[in-house]
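Visitor: Pasting a structure below so you can have a look.
Numbering (the working numbering), first residue to last: 741 to 896.
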């Protein structure tokens, strides 16, 4: 029977294969019931997509295979600790367990530093390096009232 270490080693192997294809050094595997549902390798440069991280690709594939946005019965194995974007996607997907090989500090030593993003998330929007402009008069609250009243909504 496969265990956490064997699935994690597969994620590392996916990362290595991704490098050989011209991608970044990151790989991810999603399992459910000890079976691999999806895999993803970093394709940021290859696809010209800054969101094409291994975890994001694996989550998208797993959701398509399972035909659901709710991956709460799944585990994600990542060659490296997920960045803030991927971590957010893990939470949104409902995944309850993340197993990773390298941590964010090892990634930083190879030039992949998430520290700026982690630091920025702790700040109020007006204190961040990116200019955030909140315009509450644009009517954004109306779509939330529409959502609240929508009888066919599916919570997520």
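Note that CB positions come from ideal geometry on N, CA and C, so glycine has one too. Every value quoted in this text rests on a predicted model; they were computed, and no experiment measured them.
(1) If residue 794 and residue 781 are in contact, beta carbons under 8 angstroms, what's the gap, nearest whole angstrom?
(2) Identify whether residue 836 lies in helix, strand or coil by the three-state DSSP scheme.
(3) When you compare only the Cα positions, how much space is there between residue 756 and residue 820?
(4) Alpha carbons only, please: which of 864, 857, 807, 832 is nearest the one belonging to residue 896?
(5) Is the distance from the Cβ of residue 816 to the Cβ of residue 835 below 8 angstroms?
(6) Keeping to the same chain, check which residues put their C-beta closer than 8 angstroms to that of residue 753; ignore five residues upstream and five downstream.
(7) Let me know the secondary structure DSSP gives residue 870 once reduced to three states.
(8) Going by alpha carbons, who is nearest to residue 747 out of 838, 873, 858, 844?
(9) If you drop the 5 nearest sequence neighbours on each side, which residues of the same chain put their C-beta closer than 8 angstroms to that of residue 846?
(10) Report the start-end ranges of each beta strand (DSSP E) in the segment 759–813 that is 3 residues or longer and not cut off at the edges.
(11) How many Å lie between residue 775 and residue 862 at the Cα?
(12) Taking the alpha carbon of residue 868 as the reference point, which residue from 883, 856, 876, 852 has its own alpha carbon closest?
Guide: Short version:
(1) 5 angstroms
(2) coil
(3) Residue 756 and residue 820: Cα-Cα distance of roughly 12 angstroms.
(4) 832
(5) yes
(6) 767
(7) coil
(8) 838
(9) 820
(10) Qualifying beta strand (DSSP E) stretches, in chain order: 767–772, 775–781.
(11) 37 angstroms
(12) 856
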